[in-house]
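K.L.:
Numbering of the sequence shown is given in this note's numbering, commencing with residue 266 and proceeding in unit increments. Glycine included, every Cβ here is placed at the ideal spot set by N, Cα and C.
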Amino acid sequence: MYYGYYGNFLGFDSFSAWQLLLIIIPFALCLGAQFLVKSRYKKFSRIANSRNLTGAQAAYELLQANGVSNVQIVRTQGQLTDNFNPRTNTINLSEGVYDSTSIAAIGIACHEAGHACQYAENYFPIKVRSKVIPAANIGSSIGLPLCIIGLIFSSFSFLFTIGIILYSTVFLFQLITLPVEFNASSRALKTIRERGLLQEQEYAGAKSVLTAAALTYVASMASSLLTMVRLLLLNGRRK
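Laid out in structure tokens, this is it:
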């Protein structure tokens, strides 16, 4: 009743109000997560660790602690462009992490080294994610366009079904990504604490940065889910 009353007053019904919410909420989630990770990175990238370790040295320590010796640690351009490339077996650390002694740099570098350890140990979720990547790439490229064509043209309504199935692989990929990212952060924080790479207060800062980064993946997954819900609602109303 509440949505219906005010929806009609503003010129749209309760269904349109829910559709608007399903657009605003994903946008707000992603924007908020990005703001949080950037603000925490900015804060803890200004604070040096007491051991004066660089990000590259911290990543090396984590690899050594986990018996991984065939991974290279290299510098890459950009900010927050850090990643592990399993094809080249390299940990690519951004300019603000590789040589930096900040608390943020230690957390991020160890997180990427955690991914290297996952591949070295054949961590099951990361193997599953690798299998889903090709389908997710296709789904992210043509899934939504097919859904829109199917919604607009009734004679091509079958394209909506194909599109929503393809787009669901994007959600599946993001869902599988969560345990992969959480585990990499868990490995990083465990080694940081066990090896004494950071003092307790510094450790809390690194954990704060990694927690914020993890929330960006949660926001992306929620955004994909809500997008699918919105499309299904539109398709149901059309029928």
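Check Tyr271 in the structure and name its three-state DSSP category.
P.N.:
As a first step, residue 271 must be located in the sequence shown, where it is residue number 6. With a pLDDT of 35 at Tyr271, under the threshold of 50, the modelled position of that residue is not reliable, and the figure given next carries that caveat. Helix, per DSSP.
K.L.:
Assess contact between the segment 462-474 and the segment 416-431, defined as three or more Cβ pairs (one per stretch) separated by less than 8 Å. Is contact present?
P.N.:
Flag = no, the segment 462-474 and the segment 416-431 do not touch.
K.L.:
Counting along the chain, where does the beta strand (DSSP E) carrying Asn448 start and finish?
P.N.:
Your numbering for residue 448 matches position 183 in the sequence shown. Asn448 -> not in any beta strand (DSSP E); alpha helix (DSSP H) instead, spanning 423-459.
K.L.:
Please report the straight-line C-alpha distance between Glu360 and Ile398, rounded to a whole angstrom.
P.N.:
Indexing the sequence shown from 1 puts residue 360 at position 95. Indexing the sequence shown from 1 puts residue 398 at position 133. Going from the Cα of Glu360 to the Cα of Ile398 covers about 27 Å.
K.L.:
According to DSSP, what are the bridge partners of Ser420?
P.N.:
For the purposes of this step, residue 420 is identified with residue 155 of the sequence shown, where counting begins at 1. Ser420 is not bridged to any residue.
K.L.:
Determine the direct distance from the alpha carbon of Leu490 to that of Gly269, and round the result to whole angstroms.
P.N.:
Walking along the sequence shown from the start, residue 269 turns up at place 4. Walking along the sequence shown from the start, residue 490 turns up at place 225. Per-residue confidence for Gly269 stands at a pLDDT of 40, beneath the threshold of 50, marking its modelled position as unreliable; the derived number appears in the next sentence. Between Gly269 and Leu490, the C-alpha separation is close to 25 Å.
K.L.:
Assign Gln383 to one of two classes, buried (16 or more other C-beta atoms within 10 Å of its C-beta) or exposed (fewer than that).
P.N.:
Here the question's residue 383 lines up with position 118 in the sequence shown. The residue in question, Gln383, is buried, as its Cβ has 16 or more Cβ neighbours within 10 Å.
K.L.:
Go ahead and pull the three-state DSSP assignment for Gln344.
P.N.:
By 1-based counting over the sequence shown, the position of residue 344 is 79. In this structure, Gln344 counts as coil in the three-state DSSP scheme.
K.L.:
Given Thr353, which residues of its chain have a CB within under 6 Å of its CB, disregarding the five upstream and five downstream residues?
P.N.:
Here residue 353 is taken as the residue at index 88 of the sequence shown, counted from 1. Once the five neighbours on either side are set aside, Thr353 has no close Cβ partner at all.
K.L.:
Three or more beta-carbon pairs under 8 Å between the segment 371-385 and the segment 445-462, yes or no?
P.N.:
Result yes; three or more Cβ-Cβ pairs closer than 8 Å.
K.L.:
Excluding five sequence neighbours on each side, which residues of the same chain lie with their C-beta closer than 8 Å to the C-beta of Arg495?
P.N.:
As a working note, residue 495 is residue 230 in the sequence shown. Around Arg495: Gln284, Leu287, Ile288.
K.L.:
Hey, Ser310 and Ser365: beta-carbon distance below 9 Å or not?
P.N.:
Residue 310 sits at position 45 when you count from the first residue of the sequence shown. Residue 365 sits at position 100 when you count from the first residue of the sequence shown. Yes, the Cβ-Cβ distance between Ser310 and Ser365 is below 9 Å.
K.L.:
For Phe389, count neighbouring C-beta atoms within 10 Å of its own C-beta (all shown protein chains included) and say buried if the count is 16 or more, exposed if not.
P.N.:
Sequence index remark: in the sequence shown, residue 389 carries index 124 (1-based). Exposed is the call here.
K.L.:
Please name the residue in Phe423, Leu497, Lys392 whose C-alpha comes closest to that of Phe438.
P.N.:
Along the sequence shown, one-based indexing puts residue 438 at 173. Out of Phe423, Leu497, Lys392, Lys392 has the C-alpha closest to the C-alpha of Phe438.
K.L.:
I need the DSSP call for Asn500, collapsed to helix, strand or coil.
P.N.:
The residue labelled residue 500 in the question sits at position 235 within the sequence shown. Helix at Asn500.
K.L.:
In this structure, does DSSP put Met266 in helix, strand or coil?
P.N.:
To locate residue 266, count along the sequence shown from 1; it is residue 1. Its pLDDT being 35, under 50, Met266 is placed unreliably in this model, and the value from its coordinates should be taken loosely. Coil at Met266, not helix or strand.
K.L.:
Any heavy atom of the ligand HEM inside 8 Å of the beta-carbon of Leu318?
P.N.:
Absence of the ligand HEM is noted for the structure shown, with no ligands found whatsoever.
K.L.:
So what's Ile414 in DSSP terms, helix, strand or just coil?
P.N.:
Here residue 414 refers to the residue found at position 149 when the sequence shown is read from its first residue. If DSSP states are grouped into helix, strand and coil, Ile414 belongs with the helices.
K.L.:
Can you tell me whether Phe277 is helix, strand or coil according to DSSP?
P.N.:
For the purposes of this step, residue 277 is taken as the residue at position 12 of the sequence shown. The predicted model places Phe277 with a pLDDT of 45, which falls under 50 and marks its position as unreliable; any figure quoted below should be read in that light. The answer is coil: DSSP assigns Phe277 none of H, G, I, E or B.
K.L.:
Verify whether the separation of the beta carbon atoms of Val474 and Arg305 is less than 9 Å.
P.N.:
Taking the first residue of the sequence shown as position 1, residue 474 is located at position 209. Taking the first residue of the sequence shown as position 1, residue 305 is located at position 40. Yes; because the gap between Cβ atoms is below 9 Å, this pair is in contact.
K.L.:
Taking the C-alpha atoms as reference points, what is the distance between Met486 and Phe436?
P.N.:
If you number the sequence shown from 1, residue 486 lands on position 221. If you number the sequence shown from 1, residue 436 lands on position 171. Rounded to whole angstroms, Met486 to Phe436 spans 6 Å at the Cα level.
K.L.:
Please state the DSSP three-state secondary structure of Ile338.
P.N.:
Locating residue 338 in the sequence shown gives position 73, counting from the first residue. In this structure, Ile338 counts as strand in the three-state DSSP scheme.
K.L.:
Can you give me the C-alpha to C-alpha distance between Ile290 and Gln329, rounded to a whole angstrom?
P.N.:
Stepping through the sequence shown from its first residue, residue 290 is reached at position 25. Stepping through the sequence shown from its first residue, residue 329 is reached at position 64. Their Cα atoms are separated by approximately 43 Å.
K.L.:
Just to confirm the assignment, what range does the alpha helix (DSSP H) spanning Ser395 have?
P.N.:
In the sequence shown, the residue the question calls residue 395 occupies position 130. Its alpha helix (DSSP H) spans residues 389-403.
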